[in-house]
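Peer 1: For the sequence shown, the working numbering begins at 3 and goes up steadily by one.
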Amino acid sequence: MDKIKVLGISGSLRADSFNTALLKSAIELSKEYLNIDIYDISRIPLYNHDHEKKGIPESVIEFKSAIASSDSLLFALPEYNSSVTGVLKNAIDWASRAESPLNGKPCAIMGASGGLSGTAVAQSHFRQIASSVNLICMNVPKLQLRKSKSLFDENNILTDQSTLEHLDKFLKAFREWTLNFINTKN
Ligand SMILES: Cc1cc2nc3c(=O)[nH]c(=O)nc-3n(C[C@H](O)[C@H](O)[C@H](O)COP(=O)(O)O)c2cc1C
Numbered sequence: 003m004d005k006i007k008v009l010g011i012s013g014s015l016r017a018d019s020f021n022t023a024l025l026k027s028a029i030e031l032s033k034e035y036l037n038i039d040i041y042d043i044s045r046i047p048l049y050n051h052d053h054e055k056k057g058i059p060e061s062v063i064e065f066k067s068a069i070a071s072s073d074s075l076l077f078a079l080p081e082y083n084s085s086v087t088g089v090l091k092n093a094i095d096w097a098s099r100a101e102s103p104l105n106g107k108p109c110a111i112m113g114a115s116g117g118l119s120g121t122a123v124a125q126s127h128f129r130q131i132a133s134s135v136n137l138i139c140m141n142v143p144k145l146q147l148r149k150s151k152s153l154f155d156e157n158n159i160l161t162d163q164s165t166l167e168h169l170d171k172f173l174k175a176f177r178e179w180t181l182n183f184i185n186t187k188n
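Here it is in structure tokens:
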């Protein structure tokens, strides 16, 4: 089969985001077997049912179409106040409306935090949201990076060797899991 088509979604809009940097490292590490494109959710406006009735914003149409044409989704989640970021939840809310491309889509979750949580709580909250929109999340392995500043260099490149090894295992498991999912479905 061709390379698996993955849509990467970072829950951070920050230019120097560790989570976006983690997605970029994932692209580099898995380029032989995954084709990961990052979708920038900063263009998605705040959800408002009144605006939706007037017409779906172009960015949302694009986002939904990018999800629909992907084999699976890879989320990189920051943790804000013991949950997922508002911008990510907003993007999921938009995508879940009408014909939801999230319905039955496989996904994996990883995350990087500045402190010691490793985004464990945000990941757990995300699983709850995912079940509501019928995203099917890979359960293990988990990827929860703590003290992220020490893992990335001054150019925001992931350089910590044991983290790179873990990310490599995670991405290979994600590939197998997505393939099993596609094969079971067909
Ligand atoms: C509003 C806000 C709330 C935060 N809450 C948490 C938290 O609950 N747990 C945690 O580990 N880090 C928390 N942080 C720190 C983030 O994990 C840290 O800023 C991280 O680098 C954000 O991800 P990014 O680098 O991809 O932008 C918070 C940061 C902000 C701005």
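For every residue, glycine included, the Cβ atom is placed at its ideal position computed from N, Cα and C.
None of the values given here were measured: they were computed from a predicted structure.
In this structure, does DSSP put S126 in helix, strand or coil?
Peer 2: The answer is helix: DSSP assigns S126 an H, G or I state.
Peer 1: Look up G113 in the DSSP assignment and say whether it is helix, strand or coil.
Peer 2: Three-state result, G113: strand.
Peer 1: Go ahead and label T186 buried or exposed: buried means 16 or more other beta carbons lie within 10 angstroms of its beta carbon, across all protein chains shown.
Peer 2: Its Cβ having fewer than 16 others within 10 Å, T186 is exposed.
Peer 1: Tell me the rounded alpha-carbon separation between N182 and C109.
Peer 2: The alpha-carbon atoms of N182 and C109 are separated by roughly 13 Å.
Peer 1: Alpha carbon to alpha carbon, what distance is there between Y49 and L24?
Peer 2: One C-alpha to the other measures close to 27 Å.
Peer 1: With three or more beta-carbon pairs closer than 8 Å as the criterion, would you say the segment 8–15 touches the segment 23–39?
Peer 2: They touch, by the three-pair rule.
Peer 1: Thinking just about the alpha-carbon of each residue, which of R99, G116, N157, A122 is nearest to the one in I58?
Peer 2: Checking every option, the nearest Cα to that of I58 belongs to R99.
Peer 1: Starting from F77, follow its DSSP beta bridges and name the residues at the other end.
Peer 2: Answer by DSSP bridge pairing, in chain order: I11, I111.
Peer 1: Which first and last residues belong to the alpha helix (DSSP H) in which L25 is found?
Peer 2: Taken as a continuous stretch (DSSP letters only), the alpha helix (DSSP H) holding L25 covers 20–31.
Peer 1: Find out if the Cβ-Cβ distance for the pair L79, Q125 is shorter than 8 Å.
Peer 2: Yes; because the gap between Cβ atoms is below 8 Å, this pair is in contact.
Peer 1: Answer yes or no: the CB of F65 versus the heavy atoms of ligand 1, is any distance below 7 Å?
Peer 2: Outside the cutoff, so no.
Peer 1: Taking C-beta to C-beta, are G113 and G120 nearer than 8 Å?
Peer 2: Result yes, Cβ atoms of G113 and G120 sit closer than 8 Å.
Peer 1: Ignore the nearest five residues each way along the sequence and tell me which others in I111's own chain have a CB closer than 7 Å to its CB.
Peer 2: Excluding sequence neighbours, I111 sits near F77, L79, Q125, F128, C139.
Peer 1: So, with DSSP's three-state summary, where would you put D155?
Peer 2: D155 falls in the coil class under three-state DSSP.
Peer 1: Would you say F176 touches ligand 1, meaning its beta carbon is less than 7 Å from a heavy atom?
Peer 2: For ligand 1, not one heavy atom lies less than 7 Å from the Cβ of F176.
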